[in-house]
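One structure is given below, encoded as structure tokens.
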Amino acid sequence: GDSVTQTEGLVTLTKGLPVMLNCTYQTTYSPFLFWYVQHLNEAPKLLLKSSTDNKRTEHQGFYATLHKSSSSFHLQKSSVQLSDSALYFCALSDQGNTRKLIFGLGTTLQVQP
Amino acid sequence: EAAVTQSPRSKVAVTGGKVTLSCHQTNNHDYMYWYRQDTGHGLRLIHYSYVADSTEKGDIPDGYKASRPSQENFSLILELASLSQTAVYFCASWGGYEQYFGPGTRLTVL
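Protein sequence lines correspond, in order, to chains A and B. The opening position of the first sequence corresponds to residue 21 in the numbering used here, with each subsequent residue numbered one higher. The opening position of the second sequence corresponds to residue 705 in the numbering used here, with each subsequent residue numbered one higher.
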């Protein structure tokens, strides 16, 4: 069945450094991928989404490119800030009429001063 | 921006008791979802609905029921709460190619 894999459970970085959070997926449908961000004690919020192959999508300094050839949608930022500390989820839409999302387990990003 | 509200925001329940979590959206969205979040498990889908008076099982429906009396309201019901159902519960609705999440309900079963 469809699945999403996030390989890192925790990423710890110093402020100002670049970051890449990994996301790979498996699906038999045409993929529609999402990144959600969840700050402590808050609801998940959409950060990025894409269904277009090889096109970079950007929002709030974060960017990601859907690569269908490698089934990947990695999240990147060139310079992390303390406020970027949060839990990041990659998700895949099942593209059916249920509008369901299949979530990865999430990656916690901790940014240190 | 899409608005999804949940009540209560936190609840302490006793084992074996009945718990009802409520969700309300004002965005005219047809699709609504209930998730639970546990450390190490991400977000897991319990039930969902795409029309009033109809609900569907998600990936982990055991021990939960759902009710969709109107387009705006979607409830999650724990008939016999158990310790293992201690978690944070999120409601969401779908619109414009994204899911909008409510603020969550922290449920503690003692």
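By construction, the Cβ of each residue, glycine as well, lies at the ideal position given by its N, Cα and C atoms.
If you reduce the DSSP assignment to three classes, tell me which class residue i lands in.
i: B:Q789; result: helix
i: A:S70; result: strand
i: A:S105; result: coil
i: B:G808; result: coil
i: A:E78; result: strand
i: A:S90; result: coil
i: B:R740; result: strand
i: A:F54; result: strand
i: A:L112; result: strand
i: B:N732; result: coil
i: B:L748; result: One point to set straight first is that residue 748 of chain B is Arg, not Leu, in the sequence displayed. Residue state, collapsed to three classes: strand.
i: A:Y83; result: strand
Can you give the Cα-Cα distance for residue i and residue j, rounded to whole angstroms?
i: B:V774; j: B:S758; result: The question names Val, yet the displayed sequence has Ser at residue 774 of chain B. Cα to Cα, the separation comes out at about 10 Å.
i: A:F82; j: A:Y56; result: 11 Å
i: B:G799; j: B:Y735; result: 8 Å
i: A:S105; j: A:G126; result: 13 Å
i: B:Y737; j: B:C795; result: 6 Å
i: A:G21; j: A:D73; result: 21 Å
i: A:Y45; j: B:Y754; result: 25 Å
i: B:T709; j: B:G806; result: 5 Å
i: A:S23; j: B:Y801; result: 19 Å
i: A:L60; j: A:S103; result: 11 Å
i: A:K75; j: A:L53; result: 12 Å
i: B:R713; j: A:Q101; result: 30 Å
i: A:G79; j: A:S99; result: Note that residue 79 of chain A is His in the sequence shown, not Gly. So the alpha carbons of these two residues sit roughly 14 Å apart.
i: B:P765; j: B:F778; result: 15 Å
i: A:T47; j: A:T25; result: 12 Å
i: B:P783; j: B:V716; result: The question names Pro, but residue 783 of chain B in the sequence shown is Glu. Distance between the alpha carbons of B:E783 and B:V716: 15 Å.
i: B:L747; j: A:K88; result: 24 Å
Shorter than 8 Å from the beta carbon of residue i to some beta carbon of chain A?
i: B:W798; result: yes
i: B:E776; result: no
i: B:G808; result: yes
i: B:H728; result: no
i: B:E783; result: no
i: B:Q803; result: yes
For residue i, would you say it is in contact with chain B, using Cβ-to-Cβ distances shorter than 8 Å as the test?
i: A:P51; result: no
i: A:L121; result: yes
Could you round the C-beta distance between residue i and residue j to whole angstroms and report it? I think they count as a contact, below 8 Å.
i: B:T812; j: B:T790; result: 5 Å
i: B:Y793; j: B:R740; result: 5 Å
i: B:S797; j: B:H733; result: 4 Å
i: A:Q58; j: A:L107; result: 4 Å
Should residue i be counted as a contact of the ligand SAM given a C-beta to heavy atom distance under 7 Å?
i: A:T127; result: With respect to the ligand SAM, the structure shown offers nothing to examine, as it has no ligands at all.
State yes or no: is the beta carbon of residue i nearer than 8 Å to at least one beta carbon in chain C?
i: B:H751; result: Annotation note: the requested chain C is absent from the structure, which comprises protein chains A and B.
Any contact between the stretch 89 to 107 of chain A and the stretch 708 to 724 of chain B? By contact I mean 3 or more CB pairs, one from each, below 8 Å. no
Determine contact between the stretch 28 to 44 of chain A and the stretch 60 to 70 of chain A, defined as no fewer than three beta-carbon pairs at a distance below 8 Å. no
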